[in-house]
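In terms of the numbering used here, the sequence shown opens at residue 1 and continues consecutively. Everything below concerns the one structure shown next.
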Amino acid sequence: MGIPPHGTGDKQPFSFFDFPAEIRNIIYDHLLHWPDCVDMYRYFYRRIPAYPTSESPHSARHQYQSNLKTPTILLLCRRITEECLPILRSRWIVIDRLPPFVPGGLMRITNFVGRRTLQSLHHIDIRIGLGEGPLGSGWIWTRLLDELMTILKERNALVKLRLLIRMCNETMASRWDQERRYNKDIKKKANPNVFAPGEIIVETWRIEGETATFVSRYTSFSDEDVSEDTTPPPDRIYPDREMFPGSIMQFVEALPAPAWSDAEVARRLGGGS
């Protein structure tokens, strides 16, 4: 008994939509995730030297071209896009590292996440470290927040905004005189009377060495300010990625960035393989 030629008979070609919805959702769930900061900044760090040299005719800011991409599955057909989007929109995007510094200042977050993408996000988790570096870090995180809030006030689709504040090196009193002012300014930016997604969550943790201790939690849906007096969550220990995300300074070495492998970039930023 021979095998009938391909395409003969009444049987229709199998379509992706012949899979049950449950199977399609498993596929979408596997493919659709927002990149973390390690992945967002990876392209930049692999294409410029760690140290600009006097021979460089232009700064890294002018040499860098954004490499923004849309997940391929969203480009296949309208029906797949309609099925995918609710899953993608349910994901949180996490911003826990500052964009790269180049001669002239901090790069914009829109070099790595498109403006329209930011305005279409439903869930944003911003994790700020205060008191880091010899000059503190509130001043530069405030600039990043100003950029984000300007974009989101113009238009947004937010359901939840989470702001995690990590207070580092509090024993350095001179540094924290200024950092406390930035802390207050940062919390004002998340004030629901100024900027109102569906829900705002503000958490504060104290970092001491390799231990993170809960300080307070506020949500705009509740009048309560959950503090150390009310059953705090347990301490978090290094290398907890949420509390100890790594630092941009992990890239500052003389090794040219093009020589870094993906594994080396992930190691420096604290990401996975």
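Yeah, the Cβ is synthetic: ideal placement off N, Cα and C, and Gly gets one too. A quick note: this is a predicted structure, and the numbers were derived from the prediction, not measured.
Q) With a CB to CB cut of under 6 Å and the five nearest residues on each side skipped, what residues in its chain are close to residue 138? A) The sequence position of residue 138 within the sequence shown is 138, counting from 1. Within the same chain, and ignoring the five residues on either side of residue 138 in sequence, the residues whose Cβ sits closer than 6 Å to its Cβ are 130, 179 and 182.
Q) On the premise that residue 245 lies in contact with residue 127, defined as a C-beta separation below 8 Å, what is that separation, rounded to the nearest angstrom? A) In the sequence shown, residue 127 corresponds to position 127, counting from 1. In the sequence shown, residue 245 corresponds to position 245, counting from 1. That belief holds up - the Cβ atoms of residue 127 and residue 245 are roughly 6 Å apart, short of 8 Å.
(Q) Taking the alpha-carbon of residue 263 as reference, which of 200, 199 and 46 has the nearest alpha-carbon? (A) By one-based count along the sequence shown, residue 263 stands at place 263. Distances from the CA of residue 263 to each of 200, 199 and 46 were compared; the closest alpha carbon is that of 46.
Q: For the alpha helix (DSSP H) holding residue 47, just list the boundary residues, first then last.
A: Sequence index remark: in the sequence shown, residue 47 carries index 47 (1-based). For residue 47, no alpha helix (DSSP H) run applies, since DSSP gives it neither H nor E.
Q) Given a threshold of 16 other Cβ atoms within 10 Å of its Cβ, counted over all protein chains shown, does residue 212 qualify as buried or as exposed? A) As a working mapping, residue 212 is identified with position 212 in the sequence shown. Answer is buried; the Cβ neighbour count reaches 16.
Q) How do the segment 132 to 152 and the segment 80 to 87 stand: do at least 3 beta-carbon pairs fall below 8 Å, yes or no? A) Cβ pair count under 8 Å is below three, so no.
Q: Using alpha carbons as the reference points, say which of 107, 125 and 26 lies closest to residue 284.
A: This structure leaves residue 284 out entirely; the chain is present only between 1 and 273.
Q. Taking three-plus beta-carbon pairs below 8 Å as touching, is the segment 101 to 110 in contact with the segment 158 to 176?
A. no
(Q) Just to confirm the assignment, what range does the alpha helix (DSSP H) spanning residue 188 have? (A) In the sequence shown, the residue the question calls residue 188 occupies position 188. Residue 188 -> alpha helix (DSSP H) spans 173 to 189.
Q: Starting from the C-beta of residue 187, find all residues in its chain whose C-beta is less than 7 Å away, skip the five residues before and the five after it, and write them out in chain order.
A: Taking the first residue of the sequence shown as position 1, residue 187 is located at position 187. Correct list, in chain order: 202.
Q: Give me the Cβ distance between residue 118 and residue 73, rounded to the nearest whole Å; I'm assuming they're in contact under 8 Å.
A: For the purposes of this step, residue 118 is taken as residue 118 along the sequence shown, with counting starting at 1. For the purposes of this step, residue 73 is taken as residue 73 along the sequence shown, with counting starting at 1. About 21 Å separates the two Cβ atoms, so there is no contact after all.
Q: Determine the closest residue to residue 160 out of 68, 27, 94 and 23, with distance taken between C-alpha atoms.
A: What you label residue 160 is simply residue 160 of the sequence shown in a count that begins at 1. It is 94 whose Cα lies nearest to the Cα of residue 160.
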